[in-house]
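Have a look at the structure below, then the notes.
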Amino acid sequence: MPEIPASPETFSRFAKLGVTRVGEVFEIGGYRARVVGFTRGIRSFTTSPYVFTTFKNAQNYTGLREDQTMFILVKVAPGARLQEVRRDLLDHVTDVDVFTNAQFSRMTTFYWMFTTGAGVAVLIAAVLGLVVGFVVVAQTIYATTVDHIREFGTLKAMGAPNSYVYKVIMKQAAISAVIGYVLGMIVSVFVVQGSQKGGAAILMPAPMAVGMFFLTLAMCIGAALVSINKVTRIDPAMVFKG
Amino acid sequence: MHPAITVRQLTKKYDEGASGTLALRGIDLDVHAGELLMLMGPSGSGKTTLLSIMGCILTASSGSVRVAGREVVGLSEKELPALRLEHIGFVFQGFNLFPTLTTGENVELMLDLKGVATARARKRAQELLEQVGLGEKYGSFPADLSGGQKQRVAIARALAGDPEIILADEPTAALDSHTGRNVMEMMSTLAHQRGRAVVIVTHDSRVVNFADRIVRIEDGAIANGSEADMVPPGLLVHNLSQAAVGLV
Chain A
80 MPEIPASPET FSRFAKLGVT RVGEVFEIGG YRARVVGFTR GIRSFTTSPY VFTTFKNAQN
140 YTGLREDQTM FILVKVAPGA RLQEVRRDLL DHVTDVDVFT NAQFSRMTTF YWMFTTGAGV
200 AVLIAAVLGL VVGFVVVAQT IYATTVDHIR EFGTLKAMGA PNSYVYKVIM KQAAISAVIG
260 YVLGMIVSVF VVQGSQKGGA AILMPAPMAV GMFFLTLAMC IGAALVSINK VTRIDPAMVF
320 KG
Chain B
4 MHPAITVRQL TKKYDEGASG TLALRGIDLD VHAGELLMLM GPSGSGKTTL LSIMGCILTA
64 SSGSVRVAGR EVVGLSEKEL PALRLEHIGF VFQGFNLFPT LTTGENVELM LDLKGVATAR
124 ARKRAQELLE QVGLGEKYGS FPADLSGGQK QRVAIARALA GDPEIILADE PTAALDSHTG
184 RNVMEMMSTL AHQRGRAVVI VTHDSRVVNF ADRIVRIEDG AIANGSEADM VPPGLLVHNL
244 SQAAVGLV
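So the protein sequences, as listed, match chains A and B.
First residue of the first sequence: 80, per our numbering; consecutive thereafter.
First residue of the second sequence: 4, per our numbering; consecutive thereafter.
Written out as C-alpha cells, the structure is:
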C-alpha cells in the first residue's frame, strides 16, 4: 500500500476542538477524556476525525453496548497463518464476518466507489473525461485531415498504399497521446501534491500512471479511426483539379 | 519496342446508366519511350480524364490500357498504387508540394514510399535537386520558392521513383513564359535524353513547339484520327540509331 503522508489537517481538526497538546482534558459524550498522544498518517474520508482509546472508554464515549461493537482489529501472532486464524475465528465466533486487511480494503474501496454517491460521481467524471477526450481528439485529427486532404490525395496519386496513409494518421494520434499524457500528468502531479494537505489524499501509484498512458493511447488511436475512414475514400483524381 | 502506354478502344463514362456522361469515346493511342506527347483540346474534352486513366488513377469503363506492358483495366484498387509507384511520375498544375516539408524532404518522400533507406534517400534527393538546378535549395520550404522552382522540385520528385512514364497536367499553367519554357526544356530532356515517355496535358500554345506529337481531344475522342497510331518519324530514327549501336 502506498504510504500516506501525515496530514496537518489531523492536528488542525483537534485544534478546532480546543485540543492542542498531550495532557489536555476535554469532554466526549459527557465523559472526561485526557489526551495521551496524537497519531500520524491516519486520514478520514469523512469530516470526522479518529480517536483511539480503550474498549470500555469507547463504549462510554459512543453510548454503544458491548453487543453493538462494529469492528474488532485482530493482529495474529508471529508465525501464525493468517487464513487459518481467519477460518478458526469464523468457526468459533458466531454472527461475525472476518476479513483480512486486503479483503477489508477491497470491500471498502468497492463500497465507496460503487455504492455511495461520491464514488459514482468520481467514476462518471472519469468516464465523461474519457468521452470528451475522445471527441476532442477525433475532431482535432479529423479537422487536420480535412485541412490536408489535398496532401493525402497527392500521396495516394504518387502511389502510397492505404496502409502508408493510415500510418501517417496513427502517428499523429500517437503524438497527440504523448503530448496530452505529459501535459495531463504534469497537472495531475500538482493536483496529487495539493491533495495531500486536504481531507482525502489522491493517490497515483506507478501502475496507474502507466495504465493511464495506454488508455490515453488507445483513446487517441480510436479517435483517429474517423479520419482513417475519410482518407480511405479520397479520390486520387482530385489532385488534378487545380 | 513496345510502347510505354497502349490505349485501345478506351471509354469512360461517369455515373453509369442512361443519365451518365461519356467522357471518353473509343480512344486508341500509343505513347512511346523517348517521346514528348501533348494532349490538347478545349476544356471538358476529356484530356485530364485520359491522363488520369493512363496514370492508373481513374478506372476505364471499357477498353484496354497497358502501362509498361501490363494490362491495368480490371485491376483492383489495391493493385493500382503499386503500379503508379513503380512506373509513373506525376507533375501537377498546382505543384502539389507538401508545405510543411522542405524541398529535399518532398523529394525524399517519393523514395520513402519506395522503401529506400533514409541516408540513401537523402543523397539521391540531393542529386535530383542538383539535376534540376536547385541543389542549394535542399533545406528551403516550398513557400520560399518561386513558381518555376516549385515545378522543378515537383519534376525532381516525379523522377525520384525512376519511372519510365511522366504524366504532367498543365505544368506551365501557373508559370510565366520564360519559366514555362525552362520547365518544358526539362521535360524535353527527360523524353529525348533520358528516354522517358512524357505525356503533357496543356492549353498553353506557347509550348507546342516542344512536342514530338500533338493529339487533339474533342468531345472525348481524338480529333486528328490516324495520327495517334503513328510512331513519330523523329522517334523512329532515334530508336533505330540506338539499336545500331547496341544501346536498345
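By construction, the Cβ of each residue, glycine as well, lies at the ideal position given by its N, Cα and C atoms.
Put simply, the backbone Cα of B/Gly-198 is about 33 Å away from that of B/Lys-16. As computed with DSSP, B/Asp-33 is found in a beta bridge with B/Thr-9. For the region 214-232 of chain A, the beta-carbon criterion of a distance under 9 Å to any beta-carbon of chain B is satisfied by His-227, Arg-229, Glu-230, Gly-232. DSSP, reduced to helix, strand and coil, places A/Phe-105 within a strand of the structure shown. Every beta strand (DSSP E) stretch that sits fully inside the region 144-199 of chain B and reaches 3 residues is listed by chain position as 168-172. DSSP lists no bridge partner for A/Lys-276. For A/Leu-304, the uninterrupted alpha helix (DSSP H) segment begins and ends at 285-311. Around the beta carbon of B/Asp-215, 16 or more other beta carbons lie within 10 angstroms, which makes this residue buried.
Under the 7 Å criterion on CB atoms, B/Ser-64 is classed as non-interfacial with respect to chain A. Comparing alpha-carbon positions, the option among A/Met-149, A/Val-310, A/Ser-184, A/Val-177 lying closest to A/Met-249 turns out to be A/Val-310.
Residues of chain B whose Cβ lies closer than 8 Å to the Cβ of A/Ala-239 are, in chain order, Pro-84, Leu-88, Leu-116. At least one beta carbon of chain B lies nearer than 7 Å to the beta carbon of A/Ala-316. Note: B/Gly-92 is bridge-paired with B/Ile-169 in the DSSP secondary-structure output.
DSSP places A/Met-237 in the helix class (H, G or I) of the three-state scheme. Uninterrupted alpha helix (DSSP H) stretches at least 4 residues long and entirely within the region 178-248 of chain A occur at 180-189, 196-226, 228-237, given in chain order. Any Cβ of chain B closer than 7 Å to the Cβ of A/Ala-236 would place that residue at the interface, and such an atom is present. Proximity of B/Asn-99 to chain A, defined by a Cβ-Cβ separation below 7 Å, is satisfied. Judged by their CB atoms, B/Gly-107 and B/Ala-128 are nearer to each other than the 7 Å cut-off. Separation of the CB atoms of B/Thr-24 and B/Asp-18 is rounded to 6 Å, and the pair is thereby assigned contact status at 8 Å.
Here the C-alpha atom of B/Met-189 lies approximately 18 Å from the C-alpha atom of B/His-35. Annotation: the continuous alpha helix (DSSP H) that includes B/Leu-53 extends over 50-57. Membership of B/Leu-114 in the alpha helix (DSSP H) is indicated by the continuous run 106-116. The bridge partners DSSP lists for B/Arg-69 are B/Thr-9, B/Glu-74. Here B/Arg-87 carries a helix assignment [DSSP, helix/strand/coil]. When DSSP states are grouped into helix, strand and coil, A/Tyr-110 belongs to the strand group.
By the beta-carbon neighbour count (other beta carbons within 10 angstroms, threshold 16), A/Tyr-260 is buried. CA-CA distance, B/Phe-93 to A/Gly-232, rounds to 12 Å.
Between B/Ser-48 and B/Glu-173, the C-beta gap is not smaller than 7 Å, which leaves the two residues out of contact. Listed along chain A is no residue with a C-beta nearer than 9 Å to that of B/Ser-48; the closest approach is about 14 Å.
In the structure shown, A/Met-264 falls within a helical segment according to DSSP collapsed to helix, strand and coil. Per DSSP, reduced to three states, the secondary structure at A/Ile-151 is coil, with no helix or strand assignment. Chain order gives the chain A residues near B/Phe-95 as Thr-233, Ala-236, Val-318, Phe-319, Gly-321, where near means a beta carbon separation below 9 Å.
If you check the CB distance, A/Ala-256 and A/Leu-296 come in under 7 Å.
Any Cβ of chain A closer than 7 Å to the Cβ of B/Asp-215 would place that residue at the interface, and such an atom is absent.
DSSP, reduced to helix, strand and coil, places B/Tyr-141 outside both helices and strands of the structure shown, so it counts as coil.
Taking A/Met-298 as reference, the option from A/Tyr-140, A/Met-283, A/Gly-208, A/Ala-159 with the minimal CA-CA separation is A/Gly-208.
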